[in-house]
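Take a look at the structure set out below.
Number of protein chains: 2
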Amino acid sequence: MMEAAEYAIGDLARRTGTKVETIRWYERNQLMPQPARTAGGRRVYTRAHLDRLAFIRHARELGFPLDDVRALLRLTDAPEHSCAEADRIARGHLTAVRGRIARLRALEAELARMVADCGQGRVADCRVIEVLADHSHANCLHTDGHGGPEV
Amino acid sequence: MMEAAEYAIGDLARRTGTKVETIRWYERNQLMPQPARTAGGRRVYTRAHLDRLAFIRHARELGFPLDDVRALLRLTDAPEHSCAEADRIARGHLTAVRGRIARLRALEAELARMVADCGQGRVADCRVIEVLADHSHANCLHTDGHGGPEV
DNA sequence: CTTGCAACGTGTAGCCACTACAGGAGCAAG
DNA sequence: CTTGCTCCTGTAGTGGCTACACGTTGCAAG
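The listed protein sequences derive, respectively, from chains A and B. Count along the first sequence from 1, add 41, and you get the number used in the working numbering. Count along the second sequence from 1, add 41, and you get the number used in the working numbering.
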């Protein structure tokens with residue numbers, strides 16, 4: 042069996058590990074172009090669509106937000122252009138990932154300390170509850186206040 | 042000056058570093074009980090409210106989802122009960138945090154490799170774009186498919 | 001007493017990146 | 001022709017808030 046030149050939406054979904062609804066969502070949100078349609082109104086995709094969707098999914102797996110994905114997609118359409126922009130986006134994302142790792146590690150330490158100290162007794166003596174209720178934040182990691190999207 | 046026994050919503054916000062809208066949102070979503078009101082309709086909080094809000098915020102800072110926070114709050118209302126449940130929740134969360142750290146580290150490695158290999162030339166030769174476009178996923182981290190909420 | 005203004009009230013919409021339906025139509029195999 | 005899968009559109013929901021819009025309350029200064 043050879044590669045088909047046309048794909049139904051379900052084929053694209055299977056080949057890229059994407060849900061059908063997500064592909065339609067990408068179309069509505071301009072990440073995927075509108076494909077041709079059959080007489081009955083079904084979407085007909087080409088190899089180019091498949092490649093583009095695979096690119097999007099791969100970038101998403103790497104945690105790039107969709108705005109970054111959009112920018113990277115624009116770059117793939119200009120292969121003679123300098124790739125400094127792609128580098129900048131990837132470096133920015135790397136920095137963000139490193140920041141999240143750092144915060145998660147501080148968190149991990151605090152959680153580990155919490156559960157290590159829990160003697161499995163009554164709630165009134167529970168270290169987990171105690172730490173959470175500690176209004177003074179004496180044992181707390183010193184977050185800088187701005188918070189951010191997530192730890 | 043001594044501690045006031047009653048607080049306006051703005052006082053609670055300042056003392057816990059929470060936005061006023063967030064406090065009202067917690068009330069709508071049953072995390073905070075409905076407080077008394079003044080004749081003019083303004084919310085009047087007590088010390089108990091302040092403590093409860095501080096507890097919620099502290100748990101959120103540690104990344105506990107609201108459903109976990111709800112469960113932990115129920116435990117604080119039963120101080121004679123065993124704290125095994127609190128321990129279970131905290132351990133579960135610790136496991137989740139460790140999983141996220143592991144995935145982020147794999148990600149970090151892949152991103153670092155991407156940008157290290159980018160020669161800042163044309164997009165056609167860019168390693169960043171190339172890795173993303175790699176349909177075979179030959180250089181990809183082996184995610185197990187289920188994905189999860191986020192990397 | 002009036003005026004000004006911050007803090008408060010409600011209600012709704014938006015964020016991200018999907019996901020999950022409901023309710024119907026197309027289409028291939030048996 | 002029926003069965004059963006895939007597909008269509010459209011809408012609403014997720015988590016955990018955040019941001020408005022627009023109206024009211026409450027307090028102090030003039």
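Every residue gets a Cβ at the ideal spot worked out from N, C-alpha and C, and that includes glycine.
#1: Measuring straight from C-alpha to C-alpha, what distance separates B:L135 and A:E149?
#2: Identify each residue in the stretch 130-147 of chain B for which the Cβ-Cβ distance to at least one residue of chain A is less than 7 Å, and report them in chain order.
#3: Which of helix, strand or coil does DSSP assign to B:A174?
#4: Would you call the stretch 168-176 of chain B and the stretch 162-171 of chain A in contact, with 3 or more CB pairs under 8 Å?
#5: Which same chain residues end up closer than 8 Å to A:G58 when comparing Cβ atoms and leaving out the 5 residues on each side of it in sequence?
#6: From the DSSP secondary-structure annotation, give me the bridge partner or partners of B:R245.
#7: Quick check: B:V85 and B:A100, are their CB atoms within less than 7 Å of each other?
#8: Among B:L152, B:P74 and B:A49, which residue has its Cα nearest to the Cα of B:G82?
#9: Applying the criterion that 16 or more other CB atoms from any shown protein chain within 10 Å of the CB defines a buried residue, is A:A127 buried or exposed?
#10: Under 7 Å between the Cβ atoms of A:R152 and A:L94?
#11: I want to see whether chain A comes within less than 7 Å of B:G104, judged by CB atoms only; does it?
#12: Take the Cβ of A:A131 as the centre, count every other Cβ of all protein chains shown within 10 Å, and call the residue buried at 16 or more, exposed below.
#13: When you compare only the Cα positions, how much space is there between A:L89 and B:L173?
#14: Have a look at A:Y67 and A:M73 and give me their C-alpha separation to the nearest angstrom.
#15: Flag this pair as yes or no: are the beta carbons of B:L145 and A:V61 separated by less than 7 Å?
#16: Roughly how many whole angstroms lie between the Cα atoms of B:G51 and A:D108?
#17: In this structure, what does DSSP give as the bridge partners for B:Y48?
#18: Could you tell me the boundaries of the alpha helix (DSSP H) in which A:L114 lies?
#19: Measure from the C-beta of B:L152 to each C-beta in chain A and report whether the shortest distance is under 7 Å.
#20: Tell me which residue opens and which closes the alpha helix (DSSP H) that A:E121 is part of.
#21: With DSSP as the reference, identify every bridge partner of B:R163, one or two as the case may be.
#22: Looking only at its own chain, which residues have a Cβ that is under 8 Å from the Cβ of A:N70, when we skip the five neighbours before and after it?
#23: Tell me which residues of the stretch 54-68 of chain B have at least one Cβ-Cβ distance to chain A shorter than 8 Å, keeping chain order.
Well, looking at it:
#1: As a working note, residue 135 of chain B is residue 94 in the second sequence. As a working note, residue 149 of chain A is residue 108 in the first sequence. Cα-Cα distance, rounded: 6 Å.
#2: A131, R132, H134, L135, V138, R139, R141, I142, L145 and R146
#3: Along the second sequence, read from residue 1 onward, the residue named residue 174 of chain B stands at position 133. Residue state, collapsed to three classes: helix.
#4: no
#5: Counting from one through the first sequence, the residue named residue 58 of chain A turns up at place 17. Within the same chain, A:G58 has close Cβ partners R98.
#6: Lying before the first or after the last residue shown, residue 245 of chain B is absent from chain B, which here runs from 42 to 192.
#7: Stepping through the second sequence from its first residue, residue 85 of chain B is reached at position 44. Stepping through the second sequence from its first residue, residue 100 of chain B is reached at position 59. The answer is no: Cβ separation not under 7 Å.
#8: Residue 82 of chain B sits at position 41 when you count from the first residue of the second sequence. The option with the nearest alpha carbon to B:G82 is B:A49.
#9: One-based indexing of the first sequence puts residue 127 of chain A at position 86. By the 10 Å Cβ count, A:A127 comes out buried.
#10: As a first step, residue 152 of chain A is located in the first sequence; it is residue number 111 there, counting from the start. As a first step, residue 94 of chain A is located in the first sequence; it is residue number 53 there, counting from the start. A small fix is needed here, since residue 152 of chain A is Leu in this sequence, not Arg. Cβ atoms of A:L152 and A:L94: not closer than 7 Å.
#11: Counted from its first residue, the second sequence places residue 104 of chain B at position 63. Taking Cβ atoms only, chain A reaches closer than 7 Å to B:G104, which makes this a yes.
#12: Translated into the one-based positions of the first sequence, residue 131 of chain A becomes position 90. Looking at its Cβ environment, which holds 16 or more other Cβ atoms inside 10 Å, A:A131 is buried.
#13: Here residue 89 of chain A is taken as the residue at index 48 of the first sequence, counted from 1. Here residue 173 of chain B is taken as the residue at index 132 of the second sequence, counted from 1. According to the sequence shown, residue 89 of chain A is Ala rather than Leu. C-alpha separation (whole angstroms): 15 Å.
#14: Taking the first residue of the first sequence as position 1, residue 67 of chain A is located at position 26. Taking the first residue of the first sequence as position 1, residue 73 of chain A is located at position 32. A:Y67 and A:M73: Cα-Cα distance of roughly 5 Å.
#15: To locate residue 145 of chain B, count along the second sequence from 1; it is residue 104. To locate residue 61 of chain A, count along the first sequence from 1; it is residue 20. Going by C-beta atoms, B:L145 is not nearer than 7 Å to A:V61.
#16: As a working note, residue 51 of chain B is residue 10 in the second sequence. As a working note, residue 108 of chain A is residue 67 in the first sequence. C-alpha separation (whole angstroms): 36 Å.
#17: Position 7 of the second sequence, counted from the first residue, corresponds to residue 48 of chain B. DSSP, once it has assigned bridges, lists B:Y86 as partnering B:Y48.
#18: The residue given as residue 114 of chain A occupies position 73 in the first sequence. From DSSP, the alpha helix (DSSP H) with A:L114 extends over L107 to T117.
#19: As a working note, residue 152 of chain B is residue 111 in the second sequence. Cβ-Cβ to chain A under 7 Å: yes for B:L152.
#20: Here the question's residue 121 of chain A lines up with position 80 in the first sequence. A:E121 -> no alpha helix (DSSP H), and no H or E assigned at all.
#21: By 1-based counting over the second sequence, the position of residue 163 of chain B is 122. The partner list for B:R163 (beta bridge, DSSP) reads A:S123.
#22: To locate residue 70 of chain A, count along the first sequence from 1; it is residue 29. Here the set comprises L107.
#23: G58
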